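S.K.:
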Ligand SMILES: Nc1ncnc2c1ncn2[C@@H]1O[C@H](COP(=O)(O)OP(=O)(O)OP(=O)(O)O)[C@@H](O)[C@H]1O
Ligand SMILES: [Mg+2]
């Protein structure tokens, strides 16, 4: 198996054309640069994938996102050869998937990957544990052993107590969890998830996303995840690949997609996204620059510059007080020269990986927030204005694309 961070899946110049003669005129048209609609009009063939290239690293959550018909499912199905491809190569852990057939293909699918779909077909007449262990049963694993594996997988998705319940007694969200547990039961390196959470209502969906991310952290699975929802993609993806009409438009981290959309098409998507959900505090905080507690109040006020406030830290580097311009001016107006007396201690603290949305409520007080590490040491100074500016910057970036012709 590939080591963490090494490439484990690669699509290389992959074309998929649907129709009676996929390698005929339609393929020539695609290679000549004609788009999906034009190829369809001229040849009656459907372009599923148009020179798709991406690679997924061991242990990452790689999300493919795009509108309906953009080729997401077609792309994921090339990875376990549910589709033959028209041209190109698909590599999984060093194996050229297209060369596999028969027993070798079956063994490869079974050992390397688990799949979860949107409408996961559970057997209604079997209980939860039997549904979970079904893949292992097909592999001929003895009942005792597969029940153990199934229980372990069910505990990962929080359904262990329901192991012996009838499947029909479970809610839609719970059934989808059983689907995930089934995929996990055979402990595959790779999870292929095609719109696995799309049918769930928003709250359950977020819970499932969180659980999946926890499982991934714990087990270091590689997850190829398909969604048509950019919010979901940005929330869970280490990297996101955006597709349109069978072609890859952009691949990047959520931050890159949000802040440097490659085309107007991507920018259009980004417009609907709540950036505050993706951008984290460390990206907008400034250096901690604590004040010297022995300074006079007037020197400290000078030292604030255009900052809304600065912190004072103790010997361990933990913030103990904050001077704001307002507090400082008020105290000095009353004749005080003592910095300590002007400090306030009721400031908010946050961690560097908090999202701007999570920090938003605290920022509403208009006062700087102390960004601290796990030991409580000051890492940065978060000015509430920086949050607003960051969100505004993304807005104006989208405006910049407005005149581009959307091709
Ligand atoms: N078996 C097939 N035969 C013919 N055309 C197909 C087949 N499967 C997919 N297509 C076409 O390939 C294109 C890509 O389809 P695909 O299912 O990959 O889209 P998708 O991005 O998964 O969409 P959705 O969000 O609706 O699931 C579409 O135009 C579709 O009509
Ligand atoms: Mg699909």
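Numbering (the numbering used here), first residue to last: 3 to 409.
C-beta atoms are modelled at their ideal positions from N, C-alpha and C, and glycine is treated no differently.
Since the model is a prediction, treat every value here as computed from it, not as a measurement.
Across the stretch 309 to 318 and the stretch 356 to 373, are there enough close Cβ pairs to call them in contact, namely three or more that are closer than 8 Å?
M.R.: Yes, they touch.
S.K.: Is the beta carbon of residue 248 closer than 8 Å to that of residue 50?
M.R.: To locate residue 50, count along the chain shown from 1; it is residue 48. To locate residue 248, count along the chain shown from 1; it is residue 246. In contact: residue 50 and residue 248 (Cβ atoms closer than 8 Å).
S.K.: Mind the definition here: the stretch 320 to 333 touches the stretch 301 to 309 only if three or more C-beta pairs lie below 8 Å; say whether that holds.
M.R.: Enough Cβ pairs lie closer than 8 Å, so yes.
S.K.: In whole angstroms, give me the CA-to-CA distance for residue 300 and residue 338.
M.R.: Counting from 1 along the chain shown, the entry for residue 300 is found at position 298. Counting from 1 along the chain shown, the entry for residue 338 is found at position 336. Straight-line Cα distance between these residues: approximately 9 Å.
S.K.: Can you name the residues that DSSP bridges to residue 298?
M.R.: Here residue 298 is taken as the residue at index 296 of the chain shown, counted from 1. Partner(s): 340.
S.K.: Start and end of the alpha helix (DSSP H) containing residue 105?
M.R.: Sequence index remark: in the chain shown, residue 105 carries index 103 (1-based). Unbroken alpha helix (DSSP H) run through residue 105: 104 to 114.
S.K.: Quick one: complete beta strand (DSSP E) runs, 3+ long, within the stretch 257 to 298?
M.R.: Segments of the beta strand (DSSP E) lying fully in the stretch 257 to 298: there are none.
S.K.: Give the residues whose C-beta lies closer than 6 Å to at least one heavy atom of ligand 1, in chain order.
M.R.: Working through the chain, the matches are 20, 48, 50, 68, 70, 71, 72, 73, 74, 75, 76 and 230.
S.K.: Shorter than 7 Å, the distance from the beta carbon of residue 213 to the closest heavy atom of ligand 2, or not?
M.R.: Within the chain shown, numbered from 1, the residue matching residue 213 stands at position 211. Not so, every heavy atom of ligand 2 lies at least 7 Å from the Cβ.
S.K.: Apart from the five residues just before and just after residue 405, which ones in its own chain have a Cβ nearer than 8 Å to its Cβ?
M.R.: Sequence index remark: in the chain shown, residue 405 carries index 403 (1-based). Below a pLDDT of 50, predicted positions are generally treated as unreliable, and residue 405, at 38, falls in that range; the measurement from the model is reported next regardless. So the list is empty, once near-sequence residues are dropped.
S.K.: On a CA-only basis, which of 281, 165, 66 and 25 is nearest residue 87? Give me that one, please.
M.R.: Sequence index remark: in the chain shown, residue 87 carries index 85 (1-based). The residue with the shortest Cα to Cα distance from residue 87 is 25.
S.K.: Find the nearest neighbour of residue 45 within the set 62, 68, 330 and 21, judged by alpha-carbon distance.
M.R.: On the chain shown, position 43 is the one that residue 45 refers to. If we check each option's Cα against that of residue 45, 21 comes out closest.
S.K.: At what residue ranges does the stretch 166 to 208 contain a whole run of the beta strand (DSSP E), taking only runs of 3 or more?
M.R.: Within the stretch 166 to 208, the complete beta strand (DSSP E) runs of at least 3 residues are 192 to 196.
S.K.: When the Cα atoms are used, what is the spatial distance from residue 154 to residue 105?
M.R.: Reading the chain shown from its first residue, position 152 is the one you call residue 154. Reading the chain shown from its first residue, position 103 is the one you call residue 105. Approximately 28 Å, taken between the alpha carbons.
S.K.: If you measure between the beta carbons of residue 233 and residue 179, is that distance less than 8 Å?
M.R.: Stepping through the chain shown from its first residue, residue 233 is reached at position 231. Stepping through the chain shown from its first residue, residue 179 is reached at position 177. No, they are not a contact pair.
S.K.: Looking at the C-beta of residue 69, does it have a partner C-beta in chain B at a distance below 8 Å?
M.R.: As a matter of chain content, chain B is missing from the structure shown, which is built from one protein chain.
S.K.: When you compare each of 59, 35 and 287 to residue 240 by their alpha carbons, which one comes out closest?
M.R.: Taking the first residue of the chain shown as position 1, residue 240 is located at position 238. The residue with the shortest Cα to Cα distance from residue 240 is 59.
S.K.: Just the Cα atoms here: how many angstroms apart are residue 8 and residue 52?
M.R.: Mapped onto the chain shown, residue 8 falls at position 6. Mapped onto the chain shown, residue 52 falls at position 50. Approximately 25 Å, taken between the alpha carbons.
S.K.: Can you grab the Cα-Cα spacing for the pair residue 56 / residue 192, in whole Å?
M.R.: By 1-based counting over the chain shown, the position of residue 56 is 54. By 1-based counting over the chain shown, the position of residue 192 is 190. Answer to the nearest angstrom: the Cα atoms are 16 Å apart.
S.K.: Grab the span of the beta strand (DSSP E) containing residue 253 for me, first residue to last.
M.R.: The residue labelled residue 253 in the question sits at position 251 within the chain shown. Looking at the DSSP string, the run of the beta strand (DSSP E) that includes residue 253 is 249 to 254.
S.K.: Between which residues of its own chain and residue 380 is the CB-CB distance below 8 Å, once the five residues before and five after are set aside?
M.R.: Numbered from its first residue, the chain shown carries residue 380 at position 378. Excluding sequence neighbours, residue 380 sits near 290, 292, 313, 315, 319, 320, 321, 372, 373 and 374.
S.K.: Near residue 167, which residues of its chain fall below 8 Å by C-beta distance, leaving aside the five closest residues on each side in sequence?
M.R.: Residue mapping note: residue 167 aligns to position 165 of the chain shown, counting from 1. These residues qualify, in order along the chain: 129 and 130.
S.K.: Checking 8 Å against the spacing of the C-beta atoms, do residue 265 and residue 251 come in under that value?
M.R.: Reading the chain shown from its first residue, position 263 is the one you call residue 265. Reading the chain shown from its first residue, position 249 is the one you call residue 251. Yes.
S.K.: If you count every other CB in all the chains shown that lies within 10 Å of the CB of residue 68, and 16 or more means buried, which is it?
M.R.: Within the chain shown, residue 68 is the residue found at index 66, counting from 1. Per the 10 Å Cβ criterion, buried.
S.K.: Taking residue 331 as part of the alpha helix (DSSP H), name the residues at either end of that continuous run.
M.R.: The sequence position of residue 331 within the chain shown is 329, counting from 1. Where residue 331 is concerned, the enclosing alpha helix (DSSP H) stretches over 327 to 335.
S.K.: Could you please give the first and the last residue of the uninterrupted beta strand (DSSP E) stretch that includes residue 382?
M.R.: For the purposes of this step, residue 382 is identified with residue 380 of the chain shown, where counting begins at 1. Here the beta strand (DSSP E) through residue 382 covers 380 to 384.
S.K.: Answer yes or no: do residue 183 and residue 158 have a C-beta to C-beta separation smaller than 8 Å?
M.R.: Within the chain shown, numbered from 1, the residue matching residue 183 stands at position 181. Within the chain shown, numbered from 1, the residue matching residue 158 stands at position 156. Yes, they are a contact pair.
S.K.: Taking only three categories from DSSP, how would you classify residue 159?
M.R.: In the chain shown, counting from the first residue as 1, residue 159 sits at position 157. Note: residue 159 maps to coil in three-state DSSP.
S.K.: Please look up how many angstroms separate the CB atoms of residue 358 and residue 242, rounded, as I've assumed it's under 8 Å.
M.R.: On the chain shown, residue 358 is found 356 positions in, with the first residue counted as 1. On the chain shown, residue 242 is found 240 positions in, with the first residue counted as 1. Going by Cβ atoms, the distance from residue 358 to residue 242 rounds to 18 Å, so no, they are not a contact pair.
S.K.: Using only the heavy atoms of ligand 2, determine whether one of them is closer than 7 Å to the beta carbon of residue 377.
M.R.: Within the chain shown, residue 377 is the residue found at index 375, counting from 1. Result no, Cβ not under 7 Å from ligand 2.
S.K.: Taking the alpha-carbon positions, what's the residue 145 to residue 107 distance?
M.R.: On the chain shown, residue 145 is found 143 positions in, with the first residue counted as 1. On the chain shown, residue 107 is found 105 positions in, with the first residue counted as 1. In a straight line, the C-alpha of residue 145 is about 25 Å away from that of residue 107.
S.K.: Can you give me the C-alpha to C-alpha distance between residue 213 and residue 186, rounded to a whole angstrom?
M.R.: Here residue 213 corresponds to residue number 211 of the chain shown, with the count starting at 1. Here residue 186 corresponds to residue number 184 of the chain shown, with the count starting at 1. C-alpha separation (whole angstroms): 13 Å.
S.K.: Quick check for students: name the residue ranges of the beta strand (DSSP E) that lie wholly in the stretch 11 to 78, counting only runs of 3 or more.
M.R.: DSSP runs (the beta strand (DSSP E)) wholly in the stretch 11 to 78: 48 to 59 and 63 to 68.
S.K.: Tell me whether residue 413 sits in a helix, a strand or coil according to DSSP, three-state version.
M.R.: Nothing about residue 413 can be read from this structure; the chain reaches only from 3 to 409.
S.K.: Can you give, in chain order, each stretch of the alpha helix (DSSP H) that sits fully within the stretch 114 to 139 and has at least 4 residues?
M.R.: Counting only runs of 4 or more, we get 130 to 134.
S.K.: Starting from residue 237, trace the alpha helix (DSSP H) in both directions and tell me its first and last residue.
M.R.: Position 235 of the chain shown, counting from 1, holds the residue named residue 237. From DSSP, the alpha helix (DSSP H) with residue 237 extends over 232 to 238.
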